[in-house]
Amino acid sequence: MISHVSGTQPFTLSYSDLGCDQGKRGRTRGGVGPLHGAPRRDDGGTPVPDPFTIVSGICAAGAVAAGIQLRQRAVRAEARIETLQAELTAERHAASHDPLTGLPNRRAFYRLAASLLTDAAGRPLVAVVLDLDDFKQVNDRYGHAAGDQVLVSVAERFAAFAGDNLVARLGGDEFAGLLASPTVDRRWMEHAAHRLSDALAAPIQHGTVSLRVTASVGLAPVRGPAQLADALCRADAAMYRAKSLGAARQLLDTHPVDTHHFGPHQDDPLTVHR
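The end of the sequence shown is residue 275 by our numbering, with every number in the run present.
As structure tokens, then:
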């Protein structure tokens, strides 16, 4: 005899209800019990539900529901992971890129430049530093929105000029690049500097106003990964020297690398172009 309580109404199962011979409780009776598919009936011959079938159905339904819940939890967890990964990617990008122009910032530029130099395998590279001429006048006369438009346009033009090469906004109106070149020959560098200046000098449309800006540009060859900082300092010094001589000038510093000197000497082979 087996007793079971379901809700508040208990019911009792006998071995005969289970299709078992009471004298041989471990054996079933020749296929006439419910375990062999024959329906149970009451005294009037009306079929009654088999408790084992009900329990089995409840268990199966519960397993399906539990499986659905687990799948839903897994889907939510996957969506959350994707959201967190996207947020992390956005945070990393924001930490390494200028929010206005989308170019790498100063920290990212030095990191990426060092990696490029390591992978350059001796190929010629040229450091470029440019600074806009009289940029403050744009902000003062036309407003900061116009100034932002100028910076964005300069960034786009510098990036288009550099192609697959590295360019960055170092801060304010100062930009830098590391250009792969077929040679560090003076004529090639002069030609590159002229093309860059011409690209930057094209009018920039801001509403109904057409703005024109120029840039002072300094260039210096990079002679190895250990000389990156030196080359950038020399290019930066060349740019400021060009700016002191007047707007829209390009200056090349081809002096051999001197790790104890950052910036051109009076007798360095500097070339100024307008």
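No residue lacks a Cβ here, since even glycine has one placed at the ideal position from N, Cα and C. Owing to the predicted nature of the structure, the values given are computational and were not obtained by experimental measurement.
For Leu197, three-class secondary structure by DSSP = helix
Since I believe Ala243 is in contact with Leu252 (beta carbons under 8 Å), could you give me their beta-carbon distance rounded to a whole number of angstroms?
-> 4 Å
Using three-state DSSP, classify Gly172 as helix, strand or coil.
-> strand
Through-space distance from Gly173 to Arg188, alpha-carbon basis | 30 Å
Span of the beta strand (DSSP E) holding Gly1?
-> This structure cannot speak to residue 1, because the chain is shown only from 2 to 275.
Just how far apart, CA to CA, sit Ala115 and Leu171?
-> 16 Å
In angstroms, rounded to a whole number, what distance separates the CA positions of Pro125 and Arg107?
-> 22 Å
Residue burial classification, Ser217 (beta-carbon count within 10 angstroms, cutoff 16) = buried
C-alpha distance - Ser198 paired with Pro183, whole-angstrom precision = 20 Å
Where does Ser211 sit, in a helix, a strand or coil, going by DSSP?
-> strand
Could you give the distance in angstroms between the alpha-carbon of Arg30 and the alpha-carbon of Thr47?
-> Only weak support exists for where Arg30 lies, its pLDDT of 43 falling under 50; the value from the coordinates is given anyway. Cα-Cα distance, rounded: 21 Å.
From which residue to which residue does the alpha helix (DSSP H) around Asp120 run?
-> Arg107 to Asp120
Have a look at Thr255 and Pro222 and give me their C-alpha separation to the nearest angstrom.
-> 7 Å
Enclosing alpha helix (DSSP H) for Asp231 [first to last residue] = Leu229 to Ser245
Among Gln73, Gly178 and Leu246, which residue has its Cα nearest to the Cα of Arg286?
-> Since the first residue of the chain shown is 2 and the last is 275, residue 286 is not available in this structure.
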